[in-house]
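Structure, as structure tokens:
Residue numbers (this note's numbering): 23 to 233.
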């Protein structure tokens, strides 16, 4: 290999390495994984119903960045317990499955951190759902849990709200940050009251903020 060609190869390698270092890897749990807004739900293995909820109704997609276009869900058939959706991610055993540009806007003044998940550290957790003004189950509650830590928050899914007073649908809304060491991170979503459109969901995003 000529000296000139070798220099070009090295320069290309350095450029690719620098480009890769500007990317954020995150873990996405989409409720519906078939990529089609067609009324047919193919549930993620990282999503489950909780309590005595066994089903929910189908609705339109969320346009949040990184989502692949599958259906969202709303409500549920909870009776003795609130309608319940559960999302699980284990950073130490599940590789990141989504890449953003570092600093890319996620919505509501939240930006990709540039960190790659997989180890211990502070993880931000986001939720998304389609734009709506008819959730009638009151505030939607999120409980984020991992070994030794628990964080909770409540959101008016109808909006407007957040830092910019925007309608929350179709963006990533930060629902909490949690200190992680090992094992799973579990997010449990429930409404205040069980109604026909008690709450909505399309996906949850896990992102390492700092080690």
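The C-beta atom is built at its ideal place from N, Cα and C for all residues, glycine as well.
Whole-angstrom C-beta distance between residue j and residue i, which should lie under 8 Å
i, j, result
"residue 202", "residue 97", "At roughly 31 Å, the Cβ-Cβ gap does not stay under 8 Å, so residue 202 and residue 97 are not in contact."
"residue 231", "residue 144", "4 Å"
"residue 195", "residue 129", "7 Å"
"residue 173", "residue 161", "Their Cβ separation, rounded to whole angstroms, is 16 Å, which puts residue 173 and residue 161 out of contact at 8 Å."
Residue environment, residue i, which counts as buried when at least 16 other CB atoms sit within 10 Å
i, result
"residue 131", "exposed"
"residue 228", "buried"
"residue 99", "exposed"
"residue 122", "buried"
"residue 192", "buried"
"residue 197", "buried"
"residue 50", "buried"
"residue 182", "exposed"
"residue 54", "buried"
"residue 88", "buried"
"residue 76", "exposed"
"residue 16", "The shown model of the chain, from 23 to 233, leaves out residue 16, and the question about it has no answer."
"residue 105", "buried"
"residue 68", "buried"
"residue 169", "exposed"
"residue 83", "buried"
"residue 44", "Unreliable placement is indicated for residue 44, whose pLDDT of 44 sits below 50; the coordinate value is still reported in the next sentence. Exposed, by the Cβ-count rule."
CB contact check: residue i to chain D, cutoff 7 Å
i, result
"residue 80", "Looking for chain D here will not work: only one protein chain is present."
Three-state secondary structure assigned by DSSP to residue i
i, result
"residue 128", "strand"
"residue 71", "strand"
"residue 232", "strand"
"residue 62", "coil"
"residue 116", "coil"
"residue 57", "coil"
"residue 81", "strand"
"residue 86", "coil"
"residue 136", "coil"
"residue 191", "coil"
"residue 76", "coil"
"residue 225", "strand"
"residue 110", "strand"
"residue 142", "coil"
"residue 235", "Since the first residue of the chain shown is 23 and the last is 233, residue 235 is not available in this structure."
Host beta strand (DSSP E) of residue i (start-end)
i, result
"residue 198", "195-202"
"residue 209", "207-213"
"residue 95", "94-96"
"residue 218", "Premise fails: residue 218 is in no beta strand (DSSP E) and is neither H nor E."
Report task. Mind listing, in chain order, the continuous beta strand (DSSP E) runs of no fewer than 3 residues lying wholly within the stretch 149-184? Result -> 162-168, 171-177
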